[in-house]
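First up is the structure itself, then whatever we jot down about it.
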Amino acid sequence: MAVLISIGHDGWYTEDQLAEELRAVDPGADIRPLSAPGNLEEVTMLAVSALKGDLPAHLPNLQLVQKLGAGVETIVAHPGLAPHVRIARLKPQEPAQEIAEYCLAYVLRGQRNMAAHAAAQARCAWQPLAPKRPADTTVGVLGLGHIGGRTARLMRDMRFRVLGWSRSPMEIEGVGCRHGEAALTQLLGECDYVCSILPSTPATRGLMNAEKLAAMKPGATLINAGRGDLVEEPALLAALDAGTPGQAVLDVVRQEPLPADSPLWTHPRVTITPHVSGWHLGGALRDVVENYRRLHAGEPLLHEVDRQRGY
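Right, dumping it as structure tokens:
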């Protein structure tokens, strides 16, 4: 009964680093990095950030794939994952706060005219601009779950007018919560900033298409810190050229890393960050080793995913 760690991509924790941190949480757990997997027949749990294509086929006794984050769309859809293998995700507090702060940072960037001041400095121009008042600014948050709800509350506490949207009814004090397809179109037209924290599901993929982008407020900013396949990228580029929305901040894109020839890199109204809005796992490391214990004790898992729903 062993946990095998396979990060599956570069630019984050290494497998050895994460194994060391997990062992510090539970010194008795059999935790192995992919570089030293031992007998693969002993592996019953796989901890991944991205699931490598052929890895499940080499683990005959695999029972659980533990995602080291929130998004599980590629794991749920993985063709090599046997139907009996369970999937769990994390709902960590630290990266949820980091994602909320990321969205706030780019809202404040717009509120305080930081891009305009940087451009003025490049021209050696002393050009005062009045910052925008939070009370006069509407921030929309798409997705009101663990991360989106925290983002909406942070924006509320910063005195913005906040609207939230979800598929089903939600209530958050001080946030105007809406749900359903028709409500989304109306919300988009009211918001100066739209922060997407939605997961990737059949219902959300391509949600921000040409029609939805055209419904946004002219000059508004779209901030996507959820999943890259929410946005139809050719439609976004055309919409930005038309000024609706006026700016896009993308921490996630459909293909990661973003190819060097993508026009998103050079579009003057697009800001790209390399999927860094939520970084540290923090206390969620305890949930990984707790699911290892629960799996072998036959107890309910933390944050198990419904493979049919995709979350």
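Residue numbers for the sequence shown follow my numbering, beginning at 401 and rising by one.
C-beta: ideal position from N, C-alpha, C; glycine also.
Check	Outcome
Reduced DSSP category for P602 - H, G, I as helix; E, B as strand; rest coil	coil
Between the CA atoms of R605 and W526 - distance to the nearest angstrom	44 Å
Own chain, CB closer than 6 Å to I431, minus 5 neighbours either side, in chain order	V403, A419, L422, R423
Beta bridge counterpart(s) of S662 as assigned by DSSP	According to DSSP, which records beta bridges pairwise, S662 is partnered with nothing at all.
Cross-strand partners of T538 (DSSP beta bridge)	R561
Own chain residues within Cβ distance below 7 Å of S449, not counting five before or after	I407, G408, H409, W412, L468, G469
For A488, the three-state DSSP class (helix, strand or coil)	strand
C-alpha gap between G710 and C524, whole angstroms	52 Å
Rounded C-alpha distance that separates A582 from G438	54 Å
L446 versus P460: straight-line alpha-carbon distance, rounded	12 Å
C-alpha distance - L554 paired with R707, whole-angstrom precision	31 Å
Span of the alpha helix (DSSP H) around C503	493-511
Buried or exposed (CB count within 10 angstroms, at least 16 for buried), E699	exposed
Three-pair Cβ contact test at 8 Å for the stretch 654-670 versus the stretch 681-694	no
Separation of H667 from L637, as counted between CA atoms	8 Å
Every unbroken alpha helix (DSSP H) inside the stretch 612-699 [4 residues or more]	633-642, 684-697
C-alpha distance - E501 paired with V541, whole-angstrom precision	13 Å
Distance, L462 Cα to L702 Cα	18 Å
C-beta atoms of M616 and P645 nearer than 7 Å	yes
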